[in-house]
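Undergrad:
This is how it looks when you write it as structure tokens:
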């Protein structure tokens, strides 16, 4: 009897203890106990403590890469830089998604399983002859590398986020004042005038003295330095295809090593011609022949070869051939003599002074015109033409695009009596002095109903999208986001766990 | 000490314990079961309520407000009344405001936006609704009230919208220096290329130089 009770109590105790353990596991999450202790994060990112799994990241990345490859039409998108950019994008996208879905779910946004199924059944992608096709659905899942449950939850996330995004963008509006402003401003025309000061006319007026050139030369010595250049002599043993050259290779190494001050002995005994390179410098951007090899360049400027003048060791090139080099002659670093750069400096100084003079005059003219002086008179004095154009619109043909762009950024003058003015340096080096006299705003009455409706819709959509972008931004700012940086920085670590 | 306790004593002790605590235990278990099933029922009820609201909202989203304004209004108002604590009510109220602005019923639109300001639990939605309500006030030629409403904005992430509307308000008051300052500030606030206010730059360039 007693034994029975004791057994039973033990049973209860055991059950209770196990139960307690189960509860602990359930509460704390069993994965904390099963988690590896390798030190590497086992997540792609954590958003407010919620993990985005490595598997999710890898799947999304592969899909994105596949889509990108298709979009690029088979172009090579496998460069590390592109891969990294894509990984950063995928990470950003997943984090935003996680952030939004968890926040929306917490607030009570729901998409039921029935809704998801309904949505899938209605997706034209999964239909054959207007009917949902399970085979087609399965095929597409396979090519998209999705499992069915992954696709469901992905779709659920998208629908959830869509409820907010579409809600925000459909609910914003353009008020009549907004539409009026858009019509007024987009259909606005401006009356303008401008004169172009040609740089060439200033160039001819500049005199540069010998003294000025000499001063510039002294002050800018670094610019006129040429680095040291060297010329190499070398022997090249062609690539060994059948193993016959092994002996020759050894011989080349020995002969050049035993006679460190000359290549001639090795040349004679091996029957290899003595070759020479042109003069070159250490940082020359593009070399040809044996100088294209980074190892050759490094060895050529090494202490033993450059300063001691010894033969190099045997260097194997990318094509399998072997070379031994030595420095034949050196041209030391030097400053170019004044006589050889005089003309360059002179032109430089002329151009600089001409530009300065042009800008000074331009500013003076701009100020005069802003105070009411006639552009025509001023231009005539300089034997130049003052161009006046009325009713210029934002896309006016026949007006210098730089001038046009700047004109529509200029402010309306405060007193509306005098023009506002500005100088604009044109790409060809000339300077435009521009006056903006008057604005003619677009008239609501002349705008067509279609135009008004288009403006209305465009402004409402744009404002709605701004709302959504700011909503996401605000959410992001408040979130604690931890990114597994190795996914973005490390190129070789992309396999799914 | 345990040597003096017989098996009989132990049985007696258990019996006594049962007499003292049995009722409490049974009541406790029943209460626990009620709690568990009650909780499950509550969860199911909530899910049902949330998904029903979601479906009603989805219908509203895909309906055109212009085709049948009466039906649209009814749908939106039903969601607002039935599920006032759910985010779908707030979004429906915003959608309703859009329809009312299109109808030029600004007082109604203002009320719909302000419903979100006063009832929504999502702070970001409140900020968005407040800026929209301020724009409606400006359309109603109530610039001071609009400024007053904007002064209650407290999330700096929405500053770009606030500054633009402030600029619009100052323009109507012919305070062009203040308007320029506000528009320039809005340009500074715009955090990235995703946030491009449609006609901000145009408005800025149309201001008189000062």
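Protein chains in written order, with our numbering: chain P, 1134 to 1630; chain U, 60 to 269. Built from N, CA and C at the ideal position, the CB exists for glycine as well. Given the structure is predicted, the values throughout are model-derived calculations rather than measurements.
#1: Are at least three pairs of beta-carbons, each pair with one atom in the stretch 98 to 107 of chain U and one in the stretch 136 to 143 of chain U, less than 8 Å apart?
#2: According to DSSP, is residue 70/U helix, strand or coil?
#3: Less than 8 Å between CB atoms is the rule here; does residue 1554/P satisfy it with respect to chain U?
#4: Would you say the stretch 1353 to 1369 of chain P touches the stretch 1456 to 1471 of chain P, given that touching needs at least three Cβ pairs under 8 Å?
#5: What residue does the alpha helix (DSSP H) around residue 1553/P start on, and which one ends it?
#6: Against chain P, does residue 256/U count as a neighbour if the rule is that its beta carbon must be under 8 Å from one of theirs?
#7: Which residues share a DSSP beta bridge with residue 1413/P?
#8: Return the residue from the list 1400/P, 1300/P and 1487/P that minimises the CA-CA distance to residue 184/U.
#9: For the stretch 1524 to 1592 of chain P, list the beta strand (DSSP E) runs that are entirely contained and at least 3 residues long, ordered along the chain.
#10: Comparing the C-beta of residue 1156/P with each C-beta of chain U, is any distance below 8 Å?
#11: Beta-carbon separation of residue 1556/P and residue 1499/P under 8 Å?
#12: Please determine if the stretch 1350 to 1362 of chain P and the stretch 1538 to 1555 of chain P are in contact, where contact requires at least 3 C-beta pairs separated by less than 8 Å.
#13: Taking a contact to mean a Cβ-Cβ separation below 8 Å, would you say residue 205/U touches residue 197/U in this structure?
#14: Could you tell me if residue 248/U is buried or exposed, where buried requires 16 or more neighbouring beta carbons within 10 angstroms of its beta carbon?
#15: Counting beta carbon pairs with one atom in the stretch 108 to 124 of chain U and one in the stretch 89 to 96 of chain U, are three or more of them shorter than 8 Å?
#16: List, in order along the chain, the chain U residues whose C-beta lies closer than 7 Å to that of residue 1541/P?
#17: Determine, for residue 1310/P, whether the minimum Cβ-Cβ distance to residues of chain U falls below 8 Å.
#18: Just curious, the beta strand (DSSP E) that residue 1427/P is in, first and last residue?
#19: Using 8 Å as the limit for Cβ to Cβ distance, is residue 1285/P near chain U?
#20: Could you have a look at residue 1520/P and say whether DSSP puts it in helix, strand or coil?
#21: When burial is assigned at 16 or more other CB atoms within 10 Å of the CB, is residue 1620/P buried or exposed?
#22: If you follow the beta strand (DSSP E) that residue 1505/P is in, where does it begin and where does it stop?
#23: Within the 8 Å Cβ cut-off, does residue 217/U reach chain P?
#24: Compute the Euclidean distance between the alpha carbons of residue 1196/P and residue 1594/P, then round it to the nearest angstrom.
#25: In angstroms, rounded to a whole number, what distance separates the CA positions of residue 1184/P and residue 233/U?
#26: Determine the extent of the beta strand (DSSP E) in which residue 1310/P is found, giving its start and end residues.
#27: Any beta carbon from chain P within less than 8 Å of residue 64/U's own beta carbon?
#28: Would you decide whether residue 76/U is buried or exposed? Buried here means 16 or more other CB atoms lie within 10 Å of its CB.
#29: Which parts of the stretch 1172 to 1211 of chain P are runs of the beta strand (DSSP E), unbroken and 3 residues or longer, counting only runs that do not cross its ends?
#30: Counting contacts by CB-CB distance shorter than 8 Å, is residue 1606/P in contact with chain U?
#31: Can you tell me the Cα-Cα spacing of residue 1243/P and residue 1315/P, whole angstroms?
#32: Taking the C-alpha atoms as reference points, what is the distance between residue 194/U and residue 164/U?
#33: Any beta carbon of chain U sitting closer than 8 Å to that of residue 1222/P?
#34: Are the C-beta of residue 150/U and some C-beta of chain P separated by less than 8 Å?
#35: Does residue 1182/P pass the burial test, meaning 16 or more other C-beta atoms within 10 Å, or should it be called exposed?
#36: For residue 1278/P, does the three-state DSSP call read helix, strand or coil?
TA: Reading it off the structure:
#1: With a cut-off of 8 Å, the stretch 136 to 143 of chain U and the stretch 98 to 107 of chain U do not count as touching, because too few Cβ pairs lie within range.
#2: Here residue 70/U refers to the residue found at position 11 when the second chain is read from its first residue. Helix at residue 70/U.
#3: Reading the first chain from its first residue, position 421 is the one you call residue 1554/P. Not one beta carbon of chain U lies nearer than 8 Å to the beta carbon of residue 1554/P.
#4: In short, these stretches touch, since the Cβ pair count reaches three.
#5: Counting from one through the first chain, the residue named residue 1553/P turns up at place 420. Annotation for residue 1553/P: no alpha helix (DSSP H) segment contains it, though the beta strand (DSSP E) segment containing it runs 1553 to 1558.
#6: Residue numbering aside, residue 256/U sits at position 197 when the second chain is read from its first letter. Yes, residue 256/U counts as interfacial toward chain P.
#7: Residue 1413/P sits at position 280 when you count from the first residue of the first chain. In DSSP, residue 1413/P forms a bridge with 1363/P.
#8: As a first step, residue 184/U is located in the second chain; it is residue number 125 there, counting from the start. The shortest Cα separation from residue 184/U among 1400/P, 1300/P and 1487/P belongs to 1300/P.
#9: The stretch 1524 to 1592 of chain P is shown to contain whole beta strand (DSSP E) runs of 3 or more residues at 1553 to 1558 and 1564 to 1573, in chain order.
#10: Position 23 of the first chain holds residue 1156/P. Confidence in residue 1156/P is poor, its pLDDT being 45 and thus under 50, which makes the residue's placement unreliable; the coordinate value appears in the next sentence. For residue 1156/P, the answer is no, since every Cβ of chain U falls outside 8 Å of its Cβ.
#11: As a working note, residue 1556/P is residue 423 in the first chain. As a working note, residue 1499/P is residue 366 in the first chain. Yes; because the gap between Cβ atoms is below 8 Å, this pair is in contact.
#12: Verdict: no, contact absent.
#13: To locate residue 205/U, count along the second chain from 1; it is residue 146. To locate residue 197/U, count along the second chain from 1; it is residue 138. Taking a C-beta distance under 8 Å as the contact criterion, residue 205/U and residue 197/U qualify as a contact pair.
#14: Within the second chain, residue 248/U is the residue found at index 189, counting from 1. Buried: at least 16 other Cβ atoms inside 10 Å.
#15: Touching, no.
#16: Residue numbering aside, residue 1541/P sits at position 408 when the first chain is read from its first letter. Simply 264.
#17: The residue given as residue 1310/P occupies position 177 in the first chain. Yes, contact with chain U.
#18: As a first step, residue 1427/P is located in the first chain; it is residue number 294 there, counting from the start. In the DSSP assignment, residue 1427/P falls outside any beta strand (DSSP E) and within the unbroken alpha helix (DSSP H) covering 1427 to 1433.
#19: Locating residue 1285/P in the first chain gives position 152, counting from the first residue. Output row for residue 1285/P: interface = no.
#20: Walking along the first chain from the start, residue 1520/P turns up at place 387. Residue 1520/P: strand per DSSP, three-state reduction.
#21: Start at 1 with the first residue of the first chain, and residue 1620/P comes out as number 487. Buried is the label assigned to residue 1620/P, since at least 16 other Cβ atoms lie within 10 Å of its Cβ.
#22: Stepping through the first chain from its first residue, residue 1505/P is reached at position 372. For residue 1505/P, no beta strand (DSSP E) segment is defined, and its DSSP state is neither H nor E.
#23: Within the second chain, residue 217/U is the residue found at index 158, counting from 1. Cβ-Cβ to chain P under 8 Å: yes for residue 217/U.
#24: Along the first chain, one-based indexing puts residue 1196/P at 63. Along the first chain, one-based indexing puts residue 1594/P at 461. Approximately 30 Å between the Cα atoms of the pair.
#25: In the first chain, residue 1184/P corresponds to position 51, counting from 1. In the second chain, residue 233/U corresponds to position 174, counting from 1. Our two residues, residue 1184/P and residue 233/U, have alpha carbons roughly 53 Å apart in a direct line.
#26: Position 177 of the first chain holds residue 1310/P. Careful: residue 1310/P lies outside any beta strand (DSSP E), inside the alpha helix (DSSP H) at 1309 to 1319.
#27: Locating residue 64/U in the second chain gives position 5, where the first residue counts as 1. Judged by the 8 Å Cβ criterion, residue 64/U is not in contact with chain P.
#28: Counting from 1 along the second chain, the entry for residue 76/U is found at position 17. Flag for residue 76/U reads exposed.
#29: List check, beta strand (DSSP E) in window: 1176 to 1180 and 1183 to 1186.
#30: Position 473 of the first chain, counted from the first residue, corresponds to residue 1606/P. At least one chain U Cβ lies under 8 Å of residue 1606/P.
#31: The residue given as residue 1243/P occupies position 110 in the first chain. The residue given as residue 1315/P occupies position 182 in the first chain. The alpha-carbon atoms of residue 1243/P and residue 1315/P are separated by roughly 39 Å.
#32: Stepping through the second chain from its first residue, residue 194/U is reached at position 135. Stepping through the second chain from its first residue, residue 164/U is reached at position 105. For residue 194/U and residue 164/U, the distance between alpha carbons rounds to 13 Å.
#33: Along the first chain, one-based indexing puts residue 1222/P at 89. Judged by the 8 Å Cβ criterion, residue 1222/P is not in contact with chain U.
#34: On the second chain, position 91 is the one that residue 150/U refers to. When Cβ-Cβ separations below 8 Å define contact, residue 150/U makes contact with chain P.
#35: Taking the first chain and counting its residues from 1, the one referred to as residue 1182/P is at position 49. Classification for residue 1182/P: exposed.
#36: Numbered from 1 along the first chain, position 145 holds the residue referred to as residue 1278/P. Annotated three-state conformation of residue 1278/P is coil, per DSSP.
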